[in-house]
Amino acid sequence: MKPPPFEYHAPRSLGEALDALAGAGEHGKVLAGGQSLIPMLNMRLAAPGHLVDINRLRELAFVDVTPQGVRVGALARHAQVERDGPAAAAQPLLGKALRLVAHPVIRNRGTVVGSLAHADPAAELPAVLALLKGSVRLARPGALRDVAADDFFVGPLESAVAPGELAVSAFFPAPPPRSGTAFREVARRHGDYALAGIAALVVLDNDLRITSATVACVSLGPVPLLVDVSEAVGHRPAASADWASAAGLVRDRIDPEADIHATAAYRRHLAGVLTERALRDAAREAADA
Amino acid sequence: MSTRLFGEPVTRREDPRLLTGRGLYLDDLGAGALEVAFVRSPHAHARIRDIDVSAAIEVEGLVAIYTWEDLPGALAQPLPLLIPHPALTHGRTAYPLAREIVRHVGEPVVMVVARDRYLAEDACGLIQVDYEILKPVVGVEEAAQSAQLVHEGVPGNVGAHLVQEVPSDAGLGAREAIDAAPHTLSFRLDIERSASMPLEGRGVHARWDADDRSLRVHSSTQTSTSVRMAIAAKLGLPLPKVEVIAPDVGGGFGVKIVHPWPEEILVPWAAITLGHEVKWTEDRREHFVSSAHERAQVQSVRVGFDDEGRVLGLDVEILHDHGAYTPYGIIVPIITSTQLLGPYRIGAYRVEFSSIYTNTVQVTPYRGAGRPQGVFCMERTMDHIAEHLGADRTAVRAVNFIQPDEFPYDQGLIFQDGRPLIYDSGDYPESLRMLKELIGWDDFPARKARAAAEGRTIGIGVGCYVEGTGVGPYEGGHVQITSDGRVHVSTGLTSQGQGHETVFAQIAASELGVPMEMVSVVTGDTRRFGYAVGTFASRAAVMSGNAIALACRKVREKALRIAADALEADPRDLEIVDGEVRVAGTPGASIPLATVAVLSNPLRYAFDEEAARATQFAGAASYDRPPVADGEEPGLEGRDYYSPIRSTFASGMHAAIVETDPLTAEIRILRYAVVHDCGKLINPMIVEGQIHGGVAQGVGGALYEKMIYDGHGQLLNASFMDFLMPYATEVPLIETAHLETPSPLNPLGIKGAGEAGVIPVSAVIASAIEDAEGIRIDRMPISPSDLFDLRRAATG
Amino acid sequence: MHEITLTVNGVLRQAEVPARRLLSDCLRHDLGLTGTHVGCEHGVCGCCTVLLDGEPVRSCLTFAVTVDGRDITTVEGLADSDGPLSPVQRAFAECHGLQCGFCTPGFLCTVTALLRDNPAPTDEEVLEGISGNLCRCTGYQNIVKSVHRAAEIMAEEP
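Chains as they are written, first to last, in the numbering used here: chain S, 2 to 290; chain X, 6 to 801; chain H, 44 to 201.
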């Protein structure tokens with residue numbers, strides 16, 4: 002299973018990369034980690050005319066932590082972000098999700114931004130970005146734009162990155178005070194794509210009552226679905242929150258598909274179970290925060 | 006015979022090279038070879054109307070394109086049907102390249118030879134085949150009822166139909182016995198399709214020497230001798246001019262016993278035609294759609310039993326999914342039918358199978374070769390009987406066991422080797438006792454209750470099997486001791502990781518009394534040994550192990566005779582220790598085997614000092630005898646064959662404790678225990694490794710692995726992403742205990758161990774999940790999604 | 044075609060490769076280092092794992108041109124040339140951690156990096172570390188043992 006031929010570009014600067022992408026237009030694909038793209042090429046499921054290899058753009062391998070949150074550059078590998086202490090402290094949900102992404106060796110090459118741009122609804126990071134209401138910064142020669150998570154994931158394997166654009170970084174906002182996050186998924190084997198996954202964010206007030214609870218869904222629709230379950234759980238302490246109601250709300254809102262690994266009904270069922278478990282975990286973390 | 010090495014966990018000779026990247030697997034060979042890729046059918050059933058290669062001609066590096074029309078003589082005929090059987094009335098095999106009709110996705114249509122594989126694939130992508138799509142038949146029940154035919158002239162898609170019956174002692178047939186029984190049950194079982202899936206796919210490399218008119222082929226095969234015969238026949242070459250070598254092979258598990266693969270004859274033919282080395286290395290997708298699968302069966306079971314759970318009659322009807330072709334005959338369903346009986350003495354037995362064609366990849370043996378299906382049937386039956394009677398599942402089994410004093414036990418059937426199914430030895434009650442102790446069977450109800458109190462759902466399962474191993478017809482061994490004292494051992498069968506180089510060296514070293522370091526072993530190379538059957542059916546240790554032992558005994562006997570002469574001693578007073586032949590108890594009276602080797606070959610010419618000892622003027626000549634006596638041969642060599650009267654029967658019992666998540670239906674194996682009896686152990690470490698690997702494949706088959714075809718005959722999960730093989734995280738700790746009931750049938754007393762681990766696993770896991778959930782588990786593999794569905798159906 | 048330079052097992056190597064040449068094929072066929080094996084070419088089996096600047100990566104999911112100028116260690120480079128086997132290699136031999144040997148180079152590279160970063164891993168950490176490598180022969184039992192044994196050997200030796 003050998004890849005088909007392509008024009009190869011190995012830019013040494015961001016400007017060069019953007020020019021190459023602009024030139025290739027809709028025939029261009031960005032090569033960063035390659036852990037999703039190269040299998041497709043090897044299986045000849047994709048045959049882009051141009052590959053723009055950004056692996057030499059060291060300036061994009063950053064993980065910048067500020068009080069606002071974590072900005073991850075296009076070349077920051079999953080493993081690098083996973084191991085970044087300040088990033089983990091600033092936004093713990095990143096680490097929780099990254100631990101579930103494929104296997105350690107894949108994480109040595111795959112990039113966070115690449116995973117977002119790939120926009121696989123079965124992937125963990127799009128759900129994280131959606132839950133945290135983060136954004137992706139897209140560049141073309143002479144122009145930069147930030148696209149909010151809500152607008153970034155357009156469809157299965159379809160992101161807002163337009164032909165000729167490069168996703169240069171992604172921003173994961175820091176959690177509000179007295180909040181907690183969790184990520185729960187069920188996969189067939191360790192490291193496989195989730196059959197269903199839920200990322201949860203719970204925010205408490207000074208009396209430790211829930212002010213907001215939201216979940217983002219993995220493998221349960223064409224894009225990561227964000228569901229606000231604040232009203233369902235109620236403005237109550239975690240111990241008396243109505244998690245079951247939140248689970249029911251999520252089950253009603255999602256649109257899971259059947260595939261060879263699981264039925265739609267099972268996915269819907271899992272969504273409910275994982276919602277409760279993730280919310281409970283997140284609330285516990287919020288209470289300890 | 007020194008038993009110093011036999012029975013010891015000696016570390017492996019193979020490891021130094023394999024650990025340093027110096028193994029030589031098929032694709033490591035032939036650096037300068039042209040490479041091959043195939044255009045394979047994207048349709049499950051179609052007629053080829055036209056093949057247009059014009060767009061591919063311009064591909065840089067293209068060397069040749071071949072279709073069926075280019076194939077000469079015997080190459081243009083269907084591939085051989087390897088194991089004919091009277092019941093296989095409608096056997097069908099494929100053409101090496103499709104001739105007009107393709108019958109499964111993946112069937113090879115066009116062969117492309119190019120400078121490298123990348124370019125060959127480019128060319129393949131540009132070849133246009135015009136197909137008229139025909140309606141495919143998928144699913145064994147659909148195929149059995151369909152008017153749609155996979156093969157013309159094979160009504161009902163039935164390739165074979167066989168009924169075997171063994172009446173009860175009282176002469177009752179199974180159906181009568183069941184009707185007369187106090188209790189009856191009937192139910193259906195389903196096993197889904199899986200596959201061997203070694204991590205190295207198939208591969209063939211061929212080199213034609215035009216000067217010498219000889220062909221050397223390397224193939225990642227389990228039977229180089231058979232591949233050789235097939236190539237010679239198909240290419241019209243004299244057998245001595247064809248050599249086939251199995252290099253290091255990255256796993257076989259059955260799929261590499263089929264021969265000749267189309268590629269095994271096409272690649273050599275291309276090498277001859279093009280006058281250049283040619284190599285084909287299969288990729289993973291090809292392996293999924295063009296090698297072989299196995300396991301899929303639907304079973305309808307009726308059983309009659311008494312109040313103790315004694316089986317009075319068992320009637321099983323099997324629909325066996327054969328895929329599109331039957332090159333390996335009906336061995337798999339025959340093994341299912343016969344090994345189904347397991348360690349039990351049942352009343353009357355009737356088994357009927359229909360082997361059905363479908364437009365899917367062909368079915369040939371995969372580790373276990375039909376036994377897992379048979380054991381699934383019998384073990385689910387035992388569990389259902391126990392459930393019906395409210396009895397302990399092990400008690401029901403025990404009451405049906407063949408007892409230790411009943412061997413040899415004749416089950417009254419003909420086995421896969423064409424010989425009577427007669428168990429030679431075993432101790433099933435003791436195996437069960439050991440297993441129950443190992444897993445804590447008697448304590449389990451209390452554990453289960455404690456878990457339930459914590460909100461956890463756990464269950465325990467058990468499964469027993471008997472495995473016919475060491476099937477014939479024969480294997481051979483050759484041993485030569487050369488004048489440097491080295492011992493060269495060869496046997497014709499092959500190796501795929503079983504440690505043969507080590508195990509056979511252990512046997513030879515033990516038999517001959519030489520240090521293991523002096524022994525080298527070659528397997529699977531027709532240049533060294535030309536008569537063999539192959540490595541499959543857990544037979545290598547039994548067959549070649551014994552043959553090598555017998556060959557060593559010949560060499561030993563000759564060595565002692567020659568040494569006795571030289572030492573002026575009685576051969577019966579001699580022993581061989583550390584490569585020295587010596588008079589027992591008399592230090593100083595000894596002669597190295599190296600020298601014996603020299604003396605065994607009376608020479609005219611001395612080319613070194615050692616050789617000078619054997620020349621015609623060197624020693625006291627005996628003038629009334631020729632230097633090489635009648636019936637003797639020069640040299641210290643022995644060749645012998647082991648040909649068993651019938652198979653020898655290993656056995657085993659497994660137990661597992663599983664936990665199911667009450668909400669997510671995820672299934673986790675908490676403990677897995679194995680009691681295993683393969684007679685005497687040559688190398689316990691290697692045997693255990695075989696069991697571990699088998700159990701892991703069994704876990705795959707129980708919980709993860711399933712080939713999923715859609716109604717159009719498309720294999721939906723033709724990649725490792727979606728065909729789920731277990732990683733380390735999916736396989737539990739495997740606890741093993743051994744029992745040894747030696748085989749009386751062979752000189753070493755050994756039985757086979759290669760397949761044992763995989764055989765009962767689906768049955769055991771189903772048994773445990775059923776115990777945990779209280780829901781019938783009659784289809785494997787089972788996923789959390791499946792369990793969720795079963796739970797919902799159970800609660801209505 | 045691209046001229047690339049790779050430092051493989053400490054030796055500077057050059058190759059001329061098309062851009063689409065996978066690193067696995069470059070190592071095996073352009074550089075003649077056939078110890079790295081190819082099991083799937085979709086990144087799942089791990090047989091092709093090598094060390095890139097010391098980090099385990101799938102060579103079947105890497106283009107050779109992407110890693111031009113970088114440092115690669117393959118199974119052939121885990122032991123000192125003509126020297127004794129590395130602790131990891133020795134442990135696998137001791138514990139019967141391989142059978143057919145096809146997946147072994149991938150495991151060896153993965154485990155070498157794992158133990159370098161975590162010299163005393165727990166059972167869980169070992170499983171997590173090797174969770175992306177398939178083996179069809181051993182059932183993983185002895186591979187796990189080998190990793191722990193290698194850790195022991197490394198702790199015993201300076």
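Yeah, the Cβ is synthetic: ideal placement off N, Cα and C, and Gly gets one too.
- The alpha-carbon separation between residue 53(S) and residue 105(H) amounts to approximately 14 Å.
- With three or more CB-CB distances shorter than 8 Å, the segment 256-267 of chain X counts as touching the segment 291-310 of chain X.
- DSSP places residue 691(X) in the helix class (H, G or I) of the three-state scheme.
- Beyond the five residues adjoining it in sequence on each side, residue 263(S) comes within less than 6 Å, by CB distance, of 196 in the same chain, given in chain order.
- Residue 694(X) sits away from residue 132(H), with the two beta carbons spaced by 8 Å or more.
- For residue 759(X), there is no enclosing alpha helix (DSSP H), as DSSP marks it with neither H nor E.
- Against chain X, a Cβ distance below 9 Å from residue 139(H) picks out 14, 16, 17, 20, 504, 690, 691, 693, 694.
- When the beta-carbon positions are compared, residue 64(S) and residue 81(S) come within less than 8 Å of each other.
- Out of 657(X), 724(X), 596(X), the CA that lies nearest to the CA of residue 46(S) is found in 724(X).
- Judged by their CB atoms, residue 128(X) and residue 114(X) are not nearer to each other than the 8 Å cut-off.
- Residue pairing for residue 218(S): DSSP places it in a beta bridge opposite 199(S), 226(S).
- Annotated as proximal: residue 385(X) and residue 194(X), with beta-carbon spacing under 8 Å.
- Annotation: residue 407(X) to residue 435(X) spans about 12 Å, alpha carbon to alpha carbon.
- Within the DSSP secondary-structure output, residue 678(X) pairs in a beta bridge with 660(X), 740(X).
- A distance below 7 Å between beta-carbons, with the five flanking residues on each side excluded, links residue 20(S) to the following residues of its chain, in chain order: 142.
- By the C-beta criterion, the segment 26-41 of chain X is judged not to be in contact with the segment 699-708 of chain X, since fewer than 3 inter-stretch pairs fall below 8 Å.
- The continuous beta strand (DSSP E) containing residue 72(S) extends over residues 70-74.
- Nearest neighbour of residue 72(S) by Cα position, chosen from 188(S), 171(S), 284(S), 180(S), turns out to be 171(S).
- From the listed residues 204(X), 139(X), 398(X), the smallest Cα separation to residue 288(X) is found for 204(X).
- Judged by DSSP in its simplified three-state form, residue 642(X) adopts strand.
- Contact between residue 100(H) and residue 726(X) is absent: CB atoms are separated by about 18 Å, not below the 8 Å threshold.
- Among the residues of chain H, those whose CB is under 8 Å from the CB of residue 7(S) are 62, 63, following chain order.
- The C-beta of residue 115(S) has 16 or more other C-beta atoms within 10 Å across all chains shown, which makes the residue buried.
- Bounds of the alpha helix (DSSP H) holding residue 439(X) are 433-444.
- In this chain, the alpha helix (DSSP H) harbouring residue 137(H) covers 130-137.
- Annotation for residue 192(X): the continuous beta strand (DSSP E) segment containing it runs 188-196.
- A straight line joining the alpha-carbon of residue 252(S) with that of residue 134(S) spans about 22 Å.
- At the C-beta level, residue 94(S) and residue 168(S) stay beyond 8 Å of one another.
- Runs of beta strand (DSSP E) with 3 or more residues, each lying fully within the segment 34-65 of chain X, are found at 39-45, 51-57, listed in chain order.
- Residues of chain S whose Cβ lies closer than 7 Å to the Cβ of residue 85(H) are, in chain order, 40, 43, 44.
- Bounds of the beta strand (DSSP E) holding residue 250(X) are 247-250.
- Residues of the segment 649-665 of chain X with a Cβ closer than 7 Å to any Cβ of chain S: none.
- For residue 355(X), the enclosing beta strand (DSSP E) stretches over residues 353-362.
- The C-beta distance from residue 200(S) to residue 217(S) rounds to 5 Å, short enough to fall under 8 Å.
- For the pair of segments examined, the segment 77-91 of chain H was found not to touch the segment 123-140 of chain H: the number of CB pairs separated by less than 8 Å stays below three.
- According to the DSSP secondary-structure assignment, residue 140(S) is paired through a beta bridge with 145(S), 167(S).
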